[in-house]
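So in the working numbering, the last spot in the sequence shown is 469, and the numbers never skip. Each residue gets a CB set at the ideal place from its N, CA and C atoms; glycine is no exception.
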Amino acid sequence: MTQLDTPTTAPTTVLRAQFPSDFIFGVATSAFQIEGATHQDGRGDSIWDTFCREPGRILDGSNGDVACEHYERWPADLDLMQRLGVNAYRFSVAWPRIQPNGTGAANAAGLDFYERLTDGLLTRGIQPHLTLYHWDLPQTLEDQGGWRNRDTAEHFAEYARLVAERLGDRVRSIATLNEPWCSSILSHQLGEHAPGMRDRRAALQAAHVLLLAHGRAMQAMRALNLPAELGIVLNLQPAYPASSSAADQDAARRSDGTFNRWFLDPLLRGEYPQDIWADYGDDVPQVQPGDLETIREPLDFLGVNYYSRSYHAQDGHRPQDAEYTTMGWEIYPQGLSDLLQRLNRDYTVPPLLITENGAGYHDQLEADGQVHDEARVRYLQQHIGAVNDALQAGVPMRGYFAWSLMDNFEWAHGYDKRFGLVYVDYATQERILKDSARWYQQFLAGR
Ligand code: IFM
Numbered sequence: 023m024t025q026l027d028t029p030t031t032a033p034t035t036v037l038r039a040q041f042p043s044d045f046i047f048g049v050a051t052s053a054f055q056i057e058g059a060t061h062q063d064g065r066g067d068s069i070w071d072t073f074c075r076e077p078g079r080i081l082d083g084s085n086g087d088v089a090c091e092h093y094e095r096w097p098a099d100l101d102l103m104q105r106l107g108v109n110a111y112r113f114s115v116a117w118p119r120i121q122p123n124g125t126g127a128a129n130a131a132g133l134d135f136y137e138r139l140t141d142g143l144l145t146r147g148i149q150p151h152l153t154l155y156h157w158d159l160p161q162t163l164e165d166q167g168g169w170r171n172r173d174t175a176e177h178f179a180e181y182a183r184l185v186a187e188r189l190g191d192r193v194r195s196i197a198t199l200n201e202p203w204c205s206s207i208l209s210h211q212l213g214e215h216a217p218g219m220r221d222r223r224a225a226l227q228a229a230h231v232l233l234l235a236h237g238r239a240m241q242a243m244r245a246l247n248l249p250a251e252l253g254i255v256l257n258l259q260p261a262y263p264a265s266s267s268a269a270d271q272d273a274a275r276r277s278d279g280t281f282n283r284w285f286l287d288p289l290l291r292g293e294y295p296q297d298i299w300a301d302y303g304d305d306v307p308q309v310q311p312g313d314l315e316t317i318r319e320p321l322d323f324l325g326v327n328y329y330s331r332s333y334h335a336q337d338g339h340r341p342q343d344a345e346y347t348t349m350g351w352e353i354y355p356q357g358l359s360d361l362l363q364r365l366n367r368d369y370t371v372p373p374l375l376i377t378e379n380g381a382g383y384h385d386q387l388e389a390d391g392q393v394h395d396e397a398r399v400r401y402l403q404q405h406i407g408a409v410n411d412a413l414q415a416g417v418p419m420r421g422y423f424a425w426s427l428m429d430n431f432e433w434a435h436g437y438d439k440r441f442g443l444v445y446v447d448y449a450t451q452e453r454i455l456k457d458s459a460r461w462y463q464q465f466l467a468g469r
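And the structure:
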């Protein structure tokens with residue numbers, strides 16, 4: 023028996039057979055979090071390379087220089103996915119590998135790398151799902167105003183065209199942006215992600231330019247008439263008031279409005295939510311005629327990243343009997359099926375993919391050389407169950423990607439928090455399957 027085939031003792035509460043046979047079950051990663059080789063083959067600096075060099079930005083003082091060495095080890099990582107039995111892999115392309123300074127001719131070595139990866143997936147029977155932007159903006163563009171500058175939207179459309187022209191005939195889907203809330207609000211207002219600003223007006227301008235970049239990239243890629251499905255990935259977090267009090271209700275409205283509707287409404291309805299627009303006062307972005315039509319470009323799919331909910335109690339109490347991951351995020355699978363049903367009710371949605379879902383813990387190798395991550399096994403079971411509930415309720419669900427294939431660079435948390443189904447021993451780069459990986463393998467095999 024290989025390590026992969028060793029059964030876990032965790033009870034299976036949801037079955038692969040409950041989903042359509044062509045349902046997508048994959049794993050996800052992103053370039054900066056796993057690739058390493060940040061100065062190889064002509065890659066330019068990204069805002070995250072810069073951010074990691076600034077003292078105090080990353081909890082453990084680490085960076086992405088080595089990460090999981092995926093840039094070299096990708097064939098073995100693809101073999102691992104094949105043995106897990108996933109039928110899809112979601113990865114991102116590092117913009118500074120394709121255009122080291124964010125503009126101009128494509129760097130051949132960069133495109134070649136992602137072409138080898140894509141072909142390697144296809145050879146192994148795994149669908150490639152490509153994301154164009156998972157936060158690694160070329161530093162040169164940041165020096166020119168980054169996402170606050172409308173020109174970046176045009177540069178992004180050109181980058182999208184270069185990648186789609188090369189790979190759009192083979193990848194199953196292309197998502198423009200991953201989690202624009204993070205690359206705008208978390209990065210420009212809350213200061214936790216690169217470029218680390220604390221300025222709400224700048225953050226809202228960045229959010230608008232990101233959405234515009236999405237729309238312009240969709241148009242540029244549509245013009246190529248490729249078979250790849252085109253869409254975007256949002257991180258969404260349903261907001262629950264703790265009571266019927268006006269204060270709790272209003273806090274939940276604001277949270278839903280700023281986190282979810284601020285992105286959903288322009289993309290799916292071509293307008294910003296009026297209540298939040300009013301709340302933001304003078305900080306609202308500069309919207310030019312035609313922007314919202316561009317942003318509303320029809321989507322072939324919407325990717326949803328779900329980790330937790332938000333809970334709003336004026337007295338600050340936390341939900342009763344709640345469990346939390348090491349990130350401090352409440353484990354609330356019901357929130358996922360509620361969210362999916364709400365999307366289907368309140369919007370005209372395209373087919374939906376769960377593009378990320380997972381749990382971060384301080385996993386450790388135990389004396390038997392294994393990682394017994396029962397909490398993550400439960401998390402996956404419950405959340406895949408929630409996807410099934412949504413599917414049964416008529417939500418057009420098409421797939422689910424676990425975050426993440428393997429432990430990796432968790433942004434401002436460095437390497438301390440682990441989200442992988444596969445444990446990475448960073449000293450040796452050995453990959454060790456956690457119990458959650460073996461559970462997923464058995465689930466996918468129908469056992
Ligand atoms: O690791 C991140 C990922 O890059 C984006 N979504 C959330 C994950 C966990 O924090």
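Contact under 7 Å by Cβ, N123 with G66:
yes
Taking only three categories from DSSP, how would you classify D447?
strand
Would the C-beta of S52 count as close to ligand 2, meaning under 6 Å from any of its heavy atoms?
Of the ligands this structure carries, namely ligand 1, none is ligand 2.
Between the CA atoms of G107 and L466 - distance to the nearest angstrom:
6 Å
Which class does A300 belong to by DSSP, given the choice of helix, strand or coil?
helix
Would you please state the rounded distance, in angstroms, between the beta carbons of R112 and T145? I believe it to be under 8 Å.
Taking C-beta atoms under 8 Å as the contact rule, R112 and T145 fail to qualify, at a distance of about 18 Å.
Check whether the Cβ of E352 sits closer than 6 Å to any heavy atom of ligand 1, and report yes or no.
No - ligand 1 has no heavy atom lying nearer than 6 Å to the Cβ of E352.
Which parts of the stretch 252-303 are runs of the beta strand (DSSP E), unbroken and 3 residues or longer, counting only runs that do not cross its ends?
Qualifying beta strand (DSSP E) stretches, in chain order: 261-263.
Under the three-state DSSP convention, the category L184 falls into:
helix
Exposed or buried, R173, counting other C-beta atoms within 10 Å across all chains shown (16 or more means buried)?
Here residue 173 is Asp; the residue named in the question, Arg, does not match the sequence. Label assigned to D173: exposed.
Express the C-alpha separation of S266 and S195 in angstroms, rounding to a whole number.
Using only the alpha carbons, I get a separation of about 42 Å.
Based on the DSSP output, what are the partners of Q149 in its beta bridges?
Looking at the DSSP assignment, Q149 forms a beta bridge with A110.
For E378, verify whether its CB is less than 6 Å away from any heavy atom of ligand 1.
yes
What do you get for L37, buried or exposed, if any count of 16 or more other CB atoms within 10 angstroms of its CB means buried?
Classified as exposed, L37 has fewer than 16 neighbouring CB atoms from the shown chains inside 10 Å of its CB.
Among R331, Q336, D337, A335, the one whose alpha carbon lies nearest that of Y346
R331
At which residues does the alpha helix (DSSP H) containing V12 begin and terminate?
In the structure as shown, the chain begins at 23 and stops at 469. Residue 12 is therefore absent and cannot be evaluated.
Given this structure, state the Cα-to-Cα distance separating P150 from H339, to the nearest angstrom.
43 Å
Under three-state DSSP, which class holds A467?
coil
For my contact list, Y328 and N379 are in at a C-beta cut-off of 8 Å; report their separation, rounded to the angstrom.
5 Å
Applying the 10 Å Cβ sphere with the 16-neighbour rule, what's the burial state of H92?
buried
Nearest residue (CA-CA) to R188, options E176, N129, T162:
N129
So S426 packs on G442, CB below 8 Å; how close in whole Å?
5 Å
Measure how close the beta-carbons of A110 and F47 come, nearest whole angstrom, since I'm counting them as under 8 Å.
7 Å
Which residue marks the beginning of the beta strand (DSSP E) containing G325, and which one marks its end?
Note, G325: beta strand (DSSP E), 323-327.
Which residues in the same chain as I406 place their Cβ atom closer than 7 Å to its Cβ, once the five residues preceding and following it in sequence are excluded?
V36, Y422
With DSSP as the reference, label V371 as helix, strand or coil.
coil
Nearest candidate by alpha-carbon position, reference L232, set R469, P307, A273:
P307
Examine the Cβ distances between the stretch 238-247 and the stretch 268-278 and report whether three or more of them are shorter than 8 Å.
no
Would you mind listing the alpha helix (DSSP H) stretches within the stretch 215-255 that are 4+ residues and don't spill past its ends, in chain order?
222-244
For R400, does the count of other Cβ atoms within 10 angstroms reach 16, so buried, or fall short, so exposed?
buried
Work out the CA separation of R222 and T60 for me, nearest whole Å.
Near 31 Å, if we compare the C-alpha coordinates of R222 and T60.
Within the continuous beta strand (DSSP E) that includes A50, where are the two ends?
46-50
Going by alpha carbons, who is nearest to L226 out of D343, K456, W299?
Nearest of D343, K456, W299 to L226, Cα basis: W299.
Under 8 Å by Cβ, that's how I've got L159 and I69 pegged, so tell me the actual separation to the nearest angstrom.
5 Å
Within 10 angstroms of the Cβ of G382, are there 16 or more other Cβ atoms? Answer buried if so, exposed if not.
Buried is the call here.
In chain order, what residues of the same chain have a beta carbon less than 7 Å from the beta carbon of Q40, not counting five sequence neighbours either side?
N410
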